[in-house]
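There are 2 protein chains.
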Amino acid sequence: MTSPYQQLSNHFQQLHHLHHLSAICGWDQATMMPHGGNDARSAALAELAVLTHQKLTAAQVGDWLDQAEHAGSPTLTDAQQANLREIHRRYQQARVLPEKLVQAQSLAGSRCEHAWREQRKNNDWSGFATNLKEVVNLSREEAAIRVAAHADNGSVLGNYDSLLDRYEPGMTTTRLDTLFGDLKTWLPGMIDRVIDQQSSQTVCPPQGPFPIEKQKALGLEIMTLLGFDFNHGRLDISVHPFCGGVPEDVRITTRYDEQDFTQSLMGIIHETGHARYEQGLPATWLSQPAGEARSMGIHESQSLFFEMQLGRHPAFLQRISPVIQSHLPGETGPAFSSANLARLYTRVQRGFIRVDADELTYPAHIILRYELERALIEGEIEVGDIPELWDQKMQRYLGVSTRGNYRDGCMQDIHWTDGSFGYFPSYTLGAMYAAQFCAALQRDLGDLAPRLARGELDDVFSWLSNNIWSQASLLETDALVKQATGEALNPGWFRTHLEKRYLDTSV
Amino acid sequence: MTSPYQQLSNHFQQLHHLHHLSAICGWDQATMMPHGGNDARSAALAELAVLTHQKLTAAQVGDWLDQAEHAGSPTLTDAQQANLREIHRRYQQARVLPEKLVQAQSLAGSRCEHAWREQRKNNDWSGFATNLKEVVNLSREEAAIRVAAHADNGSVLGNYDSLLDRYEPGMTTTRLDTLFGDLKTWLPGMIDRVIDQQSSQTVCPPQGPFPIEKQKALGLEIMTLLGFDFNHGRLDISVHPFCGGVPEDVRITTRYDEQDFTQSLMGIIHETGHARYEQGLPATWLSQPAGEARSMGIHESQSLFFEMQLGRHPAFLQRISPVIQSHLPGETGPAFSSANLARLYTRVQRGFIRVDADELTYPAHIILRYELERALIEGEIEVGDIPELWDQKMQRYLGVSTRGNYRDGCMQDIHWTDGSFGYFPSYTLGAMYAAQFCAALQRDLGDLAPRLARGELDDVFSWLSNNIWSQASLLETDALVKQATGEALNPGWFRTHLEKRYLDTSV
Chain A
1 MTSPYQQLSN HFQQLHHLHH LSAICGWDQA TMMPHGGNDA RSAALAELAV
51 LTHQKLTAAQ VGDWLDQAEH AGSPTLTDAQ QANLREIHRR YQQARVLPEK
101 LVQAQSLAGS RCEHAWREQR KNNDWSGFAT NLKEVVNLSR EEAAIRVAAH
151 ADNGSVLGNY DSLLDRYEPG MTTTRLDTLF GDLKTWLPGM IDRVIDQQSS
201 QTVCPPQGPF PIEKQKALGL EIMTLLGFDF NHGRLDISVH PFCGGVPEDV
251 RITTRYDEQD FTQSLMGIIH ETGHARYEQG LPATWLSQPA GEARSMGIHE
301 SQSLFFEMQL GRHPAFLQRI SPVIQSHLPG ETGPAFSSAN LARLYTRVQR
351 GFIRVDADEL TYPAHIILRY ELERALIEGE IEVGDIPELW DQKMQRYLGV
401 STRGNYRDGC MQDIHWTDGS FGYFPSYTLG AMYAAQFCAA LQRDLGDLAP
451 RLARGELDDV FSWLSNNIWS QASLLETDAL VKQATGEALN PGWFRTHLEK
501 RYLDTSV
Chain B
1001 MTSPYQQLSN HFQQLHHLHH LSAICGWDQA TMMPHGGNDA RSAALAELAV
1051 LTHQKLTAAQ VGDWLDQAEH AGSPTLTDAQ QANLREIHRR YQQARVLPEK
1101 LVQAQSLAGS RCEHAWREQR KNNDWSGFAT NLKEVVNLSR EEAAIRVAAH
1151 ADNGSVLGNY DSLLDRYEPG MTTTRLDTLF GDLKTWLPGM IDRVIDQQSS
1201 QTVCPPQGPF PIEKQKALGL EIMTLLGFDF NHGRLDISVH PFCGGVPEDV
1251 RITTRYDEQD FTQSLMGIIH ETGHARYEQG LPATWLSQPA GEARSMGIHE
1301 SQSLFFEMQL GRHPAFLQRI SPVIQSHLPG ETGPAFSSAN LARLYTRVQR
1351 GFIRVDADEL TYPAHIILRY ELERALIEGE IEVGDIPELW DQKMQRYLGV
1401 STRGNYRDGC MQDIHWTDGS FGYFPSYTLG AMYAAQFCAA LQRDLGDLAP
1451 RLARGELDDV FSWLSNNIWS QASLLETDAL VKQATGEALN PGWFRTHLEK
1501 RYLDTSV
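Right under this line is the structure:
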């Protein structure tokens, strides 16, 4: 007889297969699909979302879980216990949502996201707001349902907490308020100091045009240096860069600016971090919840480890400076020198665009979004209030105004279009985790700089693989971080990293 | 209360959505996917095949069909009646197959097809034969089950008939033997005469290299001339060219040879014919079986209408000769002249490769495959017999030997890799239908030549749209052909067309 645990395992393998189809068709929708195919694609993906939801919440799953959990631990390995825990979490998260709501969210999200691609270009806030209102209403509905379900289980969560929990299990608004509250006390001052300090620096921006094909070849070579497995993934173009696909076939994207190769290059390094996490998940657990990435914050810690701890490190830029020169036409002089690249990639500027922001101002963009989306979900503000509040907060945190410029203001991100409220904090949590991981890695392996300068990254990847990638969701987040670094999330490492990189003029 | 017919309609709309996911992921597998992603993709597509099969054969479907059919005709429009007929046919075709067989076929087909992509390059017959045997065994199993089911319904079909019926409803081995038997009486003689006659012609092959990007730009311009809707489709590269995707988003592919642009150009014209049929299916019926293409033979009639009746017509080549010259570098002299292009594109040669074959020798390739696959499914020969028989028939029909050259012999086609036995006859049926449609079109509109020379194709497309594309599966094949041309399939039109093009030296 098949055990209840085995039944669950088989069932979630089927769900893994359905997710594969959704991930590839979603990637295609953002990279390959002609505009006119969108209605049919949205309908097909919505159908699959309903089917997946039905399967995930089937009554059998609850029965099997009861039986497997009552059978007790002696019959299951630790990893199987962890898998059972993750299955339980997914089941509980899904079963509280009515099928009609899931379908409505998928349709509204696809519609809003697809229209946004054109609306953003046209600075069409009122068109976008119409779609976004529907998405927000459905997300509020979801939050209310989740809060009630948590209350039934005896835990008290706010509306926004209940959405945050989808991306960052264990994280709460209270904890975020502490983390981000601390950040707000010292970040604006540090930004001022660094900008002041850098004002006397000379930075030489490389002169384009840099043909897209050459930028792509450069990106592919850097991905190779960073260990991307091209037998299980590829690089393409999309409006908003992302890492999609499945662990067996990871699809990362970028967008190219012919006048500026530096953004797409660092974007590719960032997505390669996401990709290596996916490609490094344990092969034997791939079809199971315990084999999935731990959380969005931990995912972002890997992309930011690649981008911030490796990619923008002066020693790494020294290593890739000749690679850049070999791919791109134009001057071989000061612009492509490693010293100039290091200044470029640590240049702090107050700007509109989150994805173009430097390491230091980026958290300010996140805090802005966190405050707005939390208020939106809690019903404290409405969609119509967003542009005004966005502008106020941009002025307060970054000293720039986005009045009337929706394209570079509240319409710049893809996240809200499909209702991913609660996702934004992951970026700054990821930056904090990445700094903490990098400190622990250097404690274990010694200073990164000489390795980076030589491009000898195998030990670095082994450390990440052993401590993060191969661990997947076998541990909960705090336990994972503690096992890797000796302590739970400690934002002090992030501050130390920033101070060392941006204020220690002796480096 | 929802009527049984409406229940069926809703149910098949869901199946339409699932098919969408399968079609896009299948396209991706052939065009975009890295090699290492194949196992996961095959498993995901197999899961979807099982799910689709379960849904298609659900007991409810039989109940709804009984109720809708007993309700009688007064409550349904003619189109709804036709839809009911097509739903019934799909249900009956699917329900006889056990789920385990469907899953085994999907897995074996994916495995065989994917490995074939490398094995063909390596001329690895024994590796291929191992996979193919499994595919053949599963197809024989399918045929036996289908024959028994037909017998239960009182109709006597052979094993091969039962597979043929999947692609060409209403067609039988008996009918094919008559059509192909007639062809065999005059085709070899005509090939001899034409080759003899052309031996005194001078043909000037264009000298490459023709960069792929330039060939692609040429292809896109010709697709535009032929009315391809790029808002609902795109052009990419695959090992074996095909038309995939969904009517709302048609994905055609080609392969480029840098030394010879003529093959990919005509290949693109061919696939554009398939694409316009799909893009021209009636929008209001797209999600229903009655809104699908009529049959593989009718599908091929549209690609061959585009390729043979339009694309290789001297007047069309006259129209596109300057377009070719504007895209491709090199001589502007005799090679790109319309007269030379017309000689190139009607050049008859005895060759190995079906997809590279000219219009006149192509049916010989099809008859060879028809005879082999029929014998294979009837159990008269085994997979191990194929290379020897292939060589014998190639020598007999086309005077060339493929001994030891599996790559250009029995391993050249994709069709058998996933068990598409019964598909090959569609090509020559399509050529016959295309000739008959073109004769009827000229009866209605007058001689094509002046329109083609001017590139004024709107009336031609309107005729095809009115008579074929918009009709989808609302009529059965014979009725469709009769409505469009005044008679059922009459292979005389094909012979007339070939005699006029290849033997009428006055043209």
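One line per chain: the protein sequences are A and B, in this order.
No gaps in the numbering here: position 200 of the first sequence is 200 in the numbering used here, and each next residue is one more.
To convert, take the position in the second sequence, counting from 1, and add 1000; that gives the numbering used here.
Idealized CB from N, CA, C, for every residue including glycine.
| Check | Outcome |
| --- | --- |
| Neighbour flag for Gly-227/A against chain B, beta carbons, 8 Å | no |
| Three-state secondary structure assigned by DSSP to Gly-37/A | helix |
| Proximity to His-1019/B [Cα-Cα], best of His-1313/B, Leu-1045/B and Leu-1008/B | Leu-1045/B |
| First and last residue of the uninterrupted alpha helix (DSSP H) at Arg-495/A | 492–502 |
| Straight-line gap, Thr-1496/B to Ala-1439/B (C-alpha atoms, nearest Å) | 10 Å |
| Beta carbon of Val-1050/B nearer than 8 Å to that of Val-1102/B | yes |
| Ile-353/A, buried or exposed, once every other Cβ within 10 Å from all chains shown has been counted against 16 | exposed |
| is_contact[Ala-275/A, chain B] using C-beta, thresh 8 Å | no |
| Those runs of the alpha helix (DSSP H) which lie wholly inside the region 141–216 of chain A and span at least 4 residues | 159–167 and 173–198 |
| Proximal chain B residues relative to Val-246/A, where beta-carbon distance stays under 7 Å | Ala-1040 |
| Element boundaries [alpha helix (DSSP H), containing Asp-1066/B] | 1059–1070 |
| Residues near Leu-164/A in its chain [Cβ-Cβ closer than 8 Å; skip 5 each side] | Met-171, Thr-172, Thr-173, Leu-176, Gly-422 and Pro-425 |
| Span of the alpha helix (DSSP H), counted from its first residue to its last, around Arg-234/A | No alpha helix (DSSP H) contains Arg-234/A, which is instead part of the beta strand (DSSP E) from 233–237. |
| Cβ-based neighbour list, Val-507/A, same chain, cut-off 6 Å, excluding 5 preceding and 5 following | Residue placement at Val-507/A cannot be trusted, given a pLDDT of 45 that sits under 50; what the coordinates show is reported in the next sentence. Closer than 6 Å at the Cβ level, and outside the excluded window around Val-507/A, lies no residue. |
| Beta-carbon spacing of Gly-62/A, Tyr-91/A below 8 Å | yes |
| Contacts around Leu-516/A, its chain only, beta-carbon distance under 7 Å, and the 5 residues preceding and following it disregarded | One cannot answer for residue 516/A here, as it falls past the ends of chain A, which runs 1 to 507. |
| Residue(s) in a DSSP beta bridge with Ile-252/A | Leu-235/A and Cys-243/A |
| Under 9 Å from the C-beta of Cys-1025/B: neighbouring residues of chain A | His-20, Leu-21, Ile-24, Cys-25 and Asp-28 |
| Residue closest to Ser-1106/B, alpha-carbon to alpha-carbon, out of His-1088/B, Ser-1139/B, Thr-1077/B and Phe-1128/B | Ser-1139/B |
| Same chain, Cβ closer than 8 Å to Lys-216/A, five either side skipped, listed in chain order | Leu-235 and Tyr-256 |
| 4-residue-minimum alpha helix (DSSP H) runs that sit fully inside the region 365–447 of chain A, ordered along the chain | 386–398 and 425–445 |
| Check whether Asp-447/A and Cys-112/A have beta carbons under 8 Å apart | no |
| Partner residues on chain B for Phe-230/A, Cβ-Cβ distance less than 8 Å | Pro-1034 |
| Separation of Glu-221/A from Ala-449/A, as counted between CA atoms | 21 Å |
| Glu-47/A versus Ala-23/A: straight-line alpha-carbon distance, rounded | 14 Å |
| Where Ala-148/A falls, given that 16 or more other Cβ within 10 Å makes a residue buried | exposed |
| Whole-Å CB distance - Gln-436/A paired with Leu-474/A, under 8 Å assumed | Contact flag wrong, Cβ pair sits at about 19 Å. |
| Within-8 Å CB hit, Arg-343/A to chain B | no |
| Chain-ordered residues of the region 1100–1112 of chain B with a beta carbon less than 8 Å from chain A | none |
| The alpha helix (DSSP H) enclosing Asp-260/A, as first and last residue numbers | Run containing Asp-260/A: none; DSSP gives neither H nor E here. |
| Cutoff 8 Å: Leu-1048/B Cβ touching any chain A Cβ | yes |
| Short CB-CB distance (under 8 Å) between Ala-1043/B and chain A | yes |
| Rounded separation between Asp-152/A and Arg-369/A - CA only | 30 Å |
| C-beta neighbour in chain A for Gly-1291/B, strict 8 Å | no |
| Interface flag, His-114/A vs chain B, CB-CB below 8 Å | no |
| Reference Arg-1454/B; option with closest CA among Met-1411/B, His-1313/B, Ile-1386/B and Ile-1191/B | His-1313/B |
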